[in-house]
Amino acid sequence: MSVPYDTAAYEPPESHESPEEHLARLLGRALNSFELPDETIRLVLDCALAYDSSLHSAHHSAGLHRETYRHTWLLTDGSALTLWELVHNTVLGREAQHEVYVDEEELRTATARLPMPPDTTDFELPVLVHLSPIPEPRHAYLADNSADHARRLLRRAENADQPDEKTAALLATAFAHQIIQAFGRPYRAGRAAVCFSLYEHAFLLPDGAEISLWEVEHTATPDGRHMCEVYISEDAARDAMERRAAQVS
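With the numbering used here as the guide, the letters of the sequence shown map in order to residues 84 to 332.
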């Protein structure tokens, strides 16, 4: 795949960069970018929603240095794609060289070729330089009319303390979701069995953020009919189940 890249020295990622622009800068400075599989590049260009870069390891000694960085993109299916960057200067006075690899094993092989000590977990850098990596999504999302699913869920909620309009507006942008049954057991109220079920509706937003709504379905109503309540947190949903159960005990 042929993509125009700007050659430039290493710089930290710009906050305003899109995932595609960040990939272009990374590949533009890498000496071996032509070795990357076309499919890997295509996944980022076509499916990336957000990205994060973090320092993975480093060695600085007598004016020479070696650093490895992890660049991670969040894709539309909820998975994450990672590229490993090796930045090194093993000759005094020479500009830093950049290489990029698709997996950590290739990175270790390339690092071992350098005339420098092997990677260690003890960085010879200030502590604040070590950045936290981006967490992978907690759920296996499915893109299937997710914004409409959120709208219908909120519409059938009967509790007064359901999620507010700001949350509803965010969920209107959701493009993928997953439903997980988190809890379900019967409560006895006299001769009748009052049932409660708890579901997590997890939504993925275009910026990579994740929001969950917690749905309580129960029959703790005067006439025994099914009722739906929706809450913004699991704790609030479980508290509601306990209150309803106490009312019919």
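C-beta: ideal position from N, C-alpha, C; glycine also.
Query raised in the report: DSSP on S116, reduced to helix/strand/coil?
Result: helix
Query - Top-ranked residue by Cα proximity to R153, from L138, R112, A163 - result: L138
Query raised in the report: For R196, which of helix, strand or coil comes out of DSSP?
Result: coil
Query raised in the report: If you check the beta carbons only, do H284 and L254 fall under 7 Å apart?
Result: no
Query - A252 versus R234: straight-line alpha-carbon distance, rounded - result: 10 Å
Requested in this report: For E178, name the three-state secondary structure that DSSP assigns.
Outcome: coil
Report task. Classify V127 as helix, strand or coil using the three-state DSSP reduction. Result -> helix
Report task. Please specify which runs of the alpha helix (DSSP H), each continuous and at least 4 residues long, are wholly inside the segment 224-258, giving them in chain order. Result -> 229-239, 248-254
Requested in this report: Name the two residues that bound the continuous beta strand (DSSP E) containing E168.
Outcome: 163-172
Query raised in the report: According to DSSP, is R308 helix, strand or coil?
Result: coil
**Report entry** Nonlocal neighbours in the same chain, by C-beta distance under 8 Å from M199, ignoring five residues either side
**Finding:** H142, S144, L147, R149, H171, T173
Requested in this report: For Q264, count neighbouring C-beta atoms within 10 Å of its own C-beta (all shown protein chains included) and say buried if the count is 16 or more, exposed if not.
Outcome: exposed
Query raised in the report: When the Cα atoms are used, what is the spatial distance from A131 to G307?
Result: 47 Å
Query - Span of the beta strand (DSSP E) around V299 - result: 293-301
Query - Beta-carbon contacts of L106 that lie in its chain and below 6 Å, excluding the five residues immediately before and after - result: V127
Requested in this report: Return the chain-ordered list of same chain residues with a C-beta closer than 7 Å to the C-beta of L225, the five sequence neighbours on each side being excluded.
Outcome: A259, H260, Q261
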